[in-house]
Every structure is written in structure tokens, then in C-alpha cells.
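Notes to accompany the following structure.
Protein chains: 2
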Amino acid sequence: MRKLKIDELNRLSISDFKEQEKVPIIVVLENIRSLNNVGTIFRTCDAYKVEAIYLVGITGKPPHREIQKSALGATESVTWKYFDDTQKAIEELKQNGYFVCAVEQAEGSVSITEIHEQEFNRLALIFGNEVSGVEQGTINVCDVCVELPQYGTKHSLNVAVCAGITIWESFKLLSR
Amino acid sequence: MRKLKIDELNRLSISDFKEQEKVPIIVVLENIRSLNNVGTIFRTCDAYKVEAIYLVGITGKPPHREIQKSALGATESVTWKYFDDTQKAIEELKQNGYFVCAVEQAEGSVSITEIHEQEFNRLALIFGNEVSGVEQGTINVCDVCVELPQYGTKHSLNVAVCAGITIWESFKLLSR
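Taken in sequence, the protein lines are chains A and P. Counting along the first sequence from 1, when you hit position 107 you're at 103 in my numbering, and nothing is skipped either side. Counting along the second sequence from 1, when you hit position 25 you're at 21 in my numbering, and nothing is skipped either side.
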């Protein structure tokens, strides 16, 4: 099995990426502290044709050297927008017909493996701060809480890993 | 939907984790440069009851302050072992009946969505260096190459995100 060279990966140009049809997912990053996590999530959103990233509150914005180090250019391909407040972002998402999910461990949260039982055509996924998670005030106005089942001693995946798995599962669901 | 408190998450103690049955997956980290990535992958392996992590070559080993910052204690729960050379790790894995997968974009690689079509009871997943990927010499002795489909401009997920999605998919397959 010969490892593929970089020019054999069928990578899209930035302009082809901009023009291609996206998967109707918007990722909302609420008060993400680590610029490394922000950049890493940009790269995942590039890979899975996410429509846009909404950066909220203290979450860092491009252009930023520390975001660029992990985004590796994905800040140029993926559309993003800044909001000072999550409530305003959710208001816009609901007006545009998005089903709004907080990704958080909460009472009555739905497992990511059961998300297909919810009804939606467009999905917004909200990820919260590395320490405090999605704010309770944000959860209160979401349509649902979705969580990744976890079986270990921590119950706390890194937020970029949690976003990776959640975006991947949502991509599979919505790109059918 | 009330956010759960930390004592409501049913987190296992380290000793209960050690005693619980694991999912027959061993994660091999070949020449991973970033200690942050190593620690993040420890945390994912804790969440999905991975049997062990094999750290190979230049990959950092616990105890290390930089690994601890992202592992948040998962180096205490997840079993790990160091090898200076991937060939030795693979030899041991094959002797113990593991089906050995390089996670890499290669000619004839199988999508993670089709991995269930392979036959195995125990799975080893090899992740390579952030820049150069899994070594060709390693790929040559693996049973299969598995890859995550990607649709953007980069075709290069962060290794901890790639490991997260691959471990999650393998967990779902082998914990049934």
C-alpha cells in the first residue's frame, strides 16, 4: 500500500471549495479559550464542508498567528462570522431555520448516536468553553442538548476532539 | 435542560477503570511530535475504554508536564508502553492476534465507513507524525490502511481529531 503524495489527494482549491455545495451545518464556538483548538476546528470544518463557523465572545478570530498554526489555511476556505453574544447568534440561526444543539452533558440530553431521531434539515452545533462548557443561559434557548457517550474516568474530551466526532457524525447524517 | 454537575457524570475511579473490561483496541502513536496531541489522545482513550496506548520513537512519554496539561489525569487510567521501533510493536501486536491498521491516505486504503467489512476481533490503530504521517516501512507490514474521507482544501485533519474519530468509530464497532 503506497502512501499517497500530496498532489494525489484531490484537494480542492480555495475557490473550488468556496463554490462547492456545503453540508447544512453551522458550528458555533462559545468562549473557546485556546487558539489552537479554534484553528484545529477550522481544519475539521474544511474537511467536512461545514457551511460556516460562528465565533462568539472571547473566542479568537482570524487572522491570528496562533490560529493559523493549527488551521493551516482553513481560515481562508471556511466562512466565519463573529458575534459578541451567543443569544444573537442563536436568534439568527433560528430565523434561518437551523435546529440548534448545545453539545453538552445535561439532563435530558440526546446521545449523538440518536440524533437522527430529531427532525431537522439544518443543524447548528454549539461548543462551549474548555473548562465551563456551554453556558446554561445558552442551553436554555437551544432546541436540544446532544452529548457524546463517554465511559472513562474523565468524561471530558478535548473540545476539538468532541467537535471532530460530532461534526463527523452530523456530516454523515446530512450529506446523505 | 439543566447542565450536569461534575459529580453527576458517573465518572469511574481510576481503580474501577483499571478493573473494567476494555474494548479490544490498541492505539499506536508513531513519532508524534506534539505533547499536546499525545495528552489529548490519552483522554480520548480513557473515554472509549481503549486497552492500551503504544508510544513509539520520538513520541513523548508520561510523566511529562506538557502531556499532563492535555491528558488531565488520563495517563493514570490508560495503560501505556514504550517501543523504540514500530516494527517491534507490530510484531507483538500480530503475535497477540491484533488486526493492524495504519491510519493513512494510501493506494488501496479502506474508508473508516467500510472497516466493518474487514475481519478482526482485536484492532490496532497506528497514527503517524503530524507532518510526514505513518512511515512507508510501517505501512508495508500492516494488514490494511484505513482513512477518513475528507472533502476540503487540506485533506489533513489534526492527528488528535483523526484519532478521535477513528477510535470512536472503532469503539462503536467493537463494543457491540
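Built from N, CA and C at the ideal position, the CB exists for glycine as well.
Which residue or residues does DSSP assign as beta-bridge partners of residue i?
i: lysine 150 of chain A; result: Looking at the DSSP assignment, lysine 150 of chain A forms no beta bridge with any residue, so it has no partner.
i: glycine 129 of chain A; result: A/Asn125
i: serine 107 of chain P; result: P/Glu143
i: lysine -1 of chain A; result: P/Ala102
i: alanine 120 of chain P; result: P/Ile22, P/Val96
Sorted by chain position, which residues of the same chain lie with C-beta nearer than 6 Å to residue i's C-beta, five sequence neighbours on each side aside?
i: threonine 75 of chain A; result: Ala48
i: serine 166 of chain A; result: Ile21, Leu119
i: valine 96 of chain A; result: Ile86, Leu89, Ala120, Cys138, Asp139
i: proline 146 of chain P; result: What sits at residue 146 of chain P in the sequence shown is glutamine, not proline. Same-chain partners within the cutoff: there are none.
i: threonine 71 of chain P; result: Phe38, Pro58
i: lysine -1 of chain A; result: none
i: isoleucine 111 of chain P; result: Val142
Please work out which residues of its chain come closer than 8 Å, Cβ to Cβ, to residue i, disregarding the five sequence neighbours upstream and downstream, and give them in chain order.
i: leucine 68 of chain P; result: Gly35, Arg39
i: leucine 144 of chain A; result: Val99, Ser107, Ile108, Leu153, Cys158, Ile161, Thr162
i: aspartate 80 of chain A; result: Val52, Gly53
Can you have a look at residue i and say buried or exposed, based on whether 16 or more other CB atoms are within 10 angstroms of its CB?
i: threonine 109 of chain A; result: exposed
i: glutamate 113 of chain P; result: exposed
i: aspartate 12 of chain P; result: exposed
i: isoleucine 37 of chain P; result: buried
i: aspartate 3 of chain A; result: exposed
i: serine 105 of chain A; result: buried
i: leucine 51 of chain P; result: buried
i: aspartate 42 of chain P; result: buried
i: glycine 93 of chain A; result: exposed
Is the separation between the beta-carbon of residue i and that of residue j shorter than 9 Å?
i: isoleucine 21 of chain A; j: arginine 172 of chain A; result: no
i: valine 130 of chain P; j: valine 157 of chain P; result: no
i: glycine 53 of chain P; j: asparagine 33 of chain P; result: no
i: histidine 60 of chain A; j: arginine 7 of chain P; result: no
i: isoleucine 63 of chain P; j: leucine 25 of chain P; result: no
i: lysine 45 of chain P; j: valine 23 of chain P; result: no
i: tyrosine 78 of chain P; j: lysine 65 of chain P; result: no
i: glycine 148 of chain A; j: serine 73 of chain P; result: yes
i: threonine 55 of chain P; j: glycine 133 of chain P; result: no
i: arginine 29 of chain A; j: glutamate 115 of chain A; result: no
Closer than 7 Å by C-beta to residue i: which residues in its own chain qualify, once you throw out the five before and the five after it? Chain order, please.
i: glycine 160 of chain A; result: Thr40
i: isoleucine 135 of chain A; result: Ala98, Glu100, Ala102, Cys141
i: leucine 170 of chain P; result: Val19, Pro20, Ile21, Leu119
i: isoleucine 10 of chain P; result: Glu72, Ser73
i: tryptophan 164 of chain A; result: Tyr44
i: valine 155 of chain A; result: Ile28, Asn33, Phe123, Glu126
Segments assigned alpha helix (DSSP H), at least 4 residues, entirely inside the region 53 to 99 of chain A: 61 to 67, 70 to 73, 82 to 91
Which whole runs of the beta strand (DSSP E) in the region 6 to 56 of chain A are 3 residues long or more, in chain order? 19 to 26, 46 to 52
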